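K.L.:
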Amino acid sequence: MSTTTFAAVSAVKQRSDTEFSVDLSPAWTIGGRPNGGYLLATVARAATVVSGHPDVLAASAHYLRSPEPGPAEIEVEVLRTGRSATQLRGRLLKDGVPQVEALLTLGVLGEAEPFWQDGVPRPEFGPFADEPWGPAVLTSGIPIAIRDEIDVRFDRPLADGPSGRGELRALLALPGDEPFDPVSLLFAVDALPPATLDVAPSGWVPTLELTAYVRAHPAPGPVRVLHRAHLIGDGRVDESCHVWDSAGTLVAQGTQLAGIRIG
């Protein structure tokens, strides 16, 4: 397992009021390219420095290119500052070339119970595996360095093959049991393998667009993640993700559009 923390690998160094440098870790990669949620979290980390509000409420990123690990730059632009929220634009660049474009809303997360909800799945999980990941995740042969950084325990053996439901349920922990916060929850909604693994084997499934909502500050401990595929066709798939903390509170949710090549 990792000897560092998510806060360290997503840390940014401020160079000016709105410019930052970041060192993208080769350990947080799939096929040698940084995980999309990890990239969004680094942009959000810079946005929290610029914003007058402390907590990420919503973030949406478009992935223009897939950067190599190593030094990169982040630029943040404040679009609007209000009493309850700040809207910002964040851009991740590599050698001056844009890689990720993100829009973010920051505010202050409350502690109140939901007033009303409908259509949110129930956090129902079976017993989690004693061993992380399991043997079937690497069937495509793509190197997944991030496997050695995070602890992911599924509630059914992936070696049993696809169920056809198009969903993965897992317990997720950061290195060293580091507590989740609003920034690392942006990673959590993109941390699991593609839910399409529960439908058919595929190659790399690169994220094209990722949107995340942060609902609450999570309680300490690992989070429970439900990752679902909804429609696969024309070389693309849309997926949804729901994240609950150790107290059973829905703390984050996300949707994404990704490319896919079945077989």
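Going letter by letter, the sequence shown gives residues 1 to 263 in the UniProt record's numbering. By construction, the Cβ of each residue, glycine as well, lies at the ideal position given by its N, Cα and C atoms. From a predicted model like this one, the values you see are computed outputs, not experimental measurements.
Here's a check: name, in chain order, each residue in its chain whose Cβ is nearer than 6 Å to the Cβ of Pro135, leaving out the five neighbours to either side.
P.N.:
Summary for Pro135: the model assigns pLDDT 48, below 50, so the residue's position carries little reliability, and this model does not support an answer.
K.L.:
Within a Cβ cutoff of 8 Å, which residues of the same chain sit near Gly235, ignoring the five residues on either side of it in sequence?
P.N.:
Gly259, Ile260 and Arg261
K.L.:
Just the C-alpha distance for Leu174 and Leu186, rounded to the nearest angstrom, thanks.
P.N.:
Straight-line measurement puts the Cα of Leu186 at about 13 Å from the Cα of Leu174.
K.L.:
Going by DSSP, what residues sit across from Val12 in a beta bridge?
P.N.:
Val22
K.L.:
In terms of alpha-carbon separation, which member of Ser202, Gly31 and Arg122 lies closest to residue 352?
P.N.:
The structure shown does not extend to residue 352, since the chain spans only 1 to 263, so no value can be given for it.
K.L.:
When you compare the segment 92–105 with the segment 65–81, are there three or more beta-carbon pairs, one atom per stretch, that lie closer than 8 Å?
P.N.:
A contact exists between the segment 92–105 and the segment 65–81.
K.L.:
Between the beta-carbon of Gly36 and the beta-carbon of Ala188, is there less than 9 Å?
P.N.:
no
K.L.:
Does the segment 241–254 come within contact of the segment 220–230, defined as at least 3 CB pairs closer than 8 Å?
P.N.:
yes
K.L.:
Using only CA atoms, which one of Val22, Ala145, Val56 and Leu208 lies nearest to Glu101?
P.N.:
Leu208
K.L.:
Can you tell me which of Glu68, Thr4, Ser240 and Leu103 puts its alpha carbon nearest to the alpha carbon of Ser51?
P.N.:
Minimum Cα distance to Ser51 is reached at Leu103.
K.L.:
Are three or more beta carbon pairs between the segment 54–65 and the segment 110–122 nearer than 8 Å?
P.N.:
no
K.L.:
On the DSSP letters alone, give me the boundaries of the beta strand (DSSP E) that Val100 sits inside.
P.N.:
Start and end: Val97 to Gly107.
K.L.:
Rounded to the nearest angstrom, how far is the Cβ of Gly107 from that of Leu57, given a contact under 8 Å?
P.N.:
5 Å
K.L.:
In angstroms with no decimal places, state the Cα-to-Cα distance between Ile144 and Pro34.
P.N.:
10 Å
K.L.:
CB-CB under 6 Å to Tyr213, same chain, minus the five flanking residues each way: which ones, in chain order?
P.N.:
Ala58 and Gln253
K.L.:
Does Gln99 get closer than 9 Å to chain B when you measure Cβ to Cβ?
P.N.:
Any reference to chain B falls outside this structure, which holds one protein chain only.
K.L.:
Along the chain, where does the alpha helix (DSSP H) containing Arg45 start, and where does it finish?
P.N.:
Gly36 to Val50
K.L.:
From Asp23, Phe154 and Glu124, pick the residue whose C-alpha is nearest to that of Phe6; which is it?
P.N.:
Asp23
K.L.:
Tell me the rounded alpha-carbon separation between residue 278 and Asp55.
P.N.:
The question about residue 278 has no answer, for the chain in this structure spans 1 to 263.
K.L.:
If you drop the 5 nearest sequence neighbours on each side, which residues of the same chain put their C-beta closer than 8 Å to that of Val183?
P.N.:
Ser10, Ala41, Ala44, Arg45, Thr48 and Val56
K.L.:
Taking only runs that begin and end inside the segment 127–171, name each unbroken beta strand (DSSP E) of 3 or more residues, in chain order.
P.N.:
Qualifying beta strand (DSSP E) stretches, in chain order: 151–154.
K.L.:
How would you write the range of the beta strand (DSSP E) that Ala61 sits in, first residue to last?
P.N.:
That run of the beta strand (DSSP E) goes Asp55 to Tyr63.
K.L.:
Pick helix, strand or coil for Val243, following the three-state DSSP scheme.
P.N.:
Residue state, collapsed to three classes: strand.
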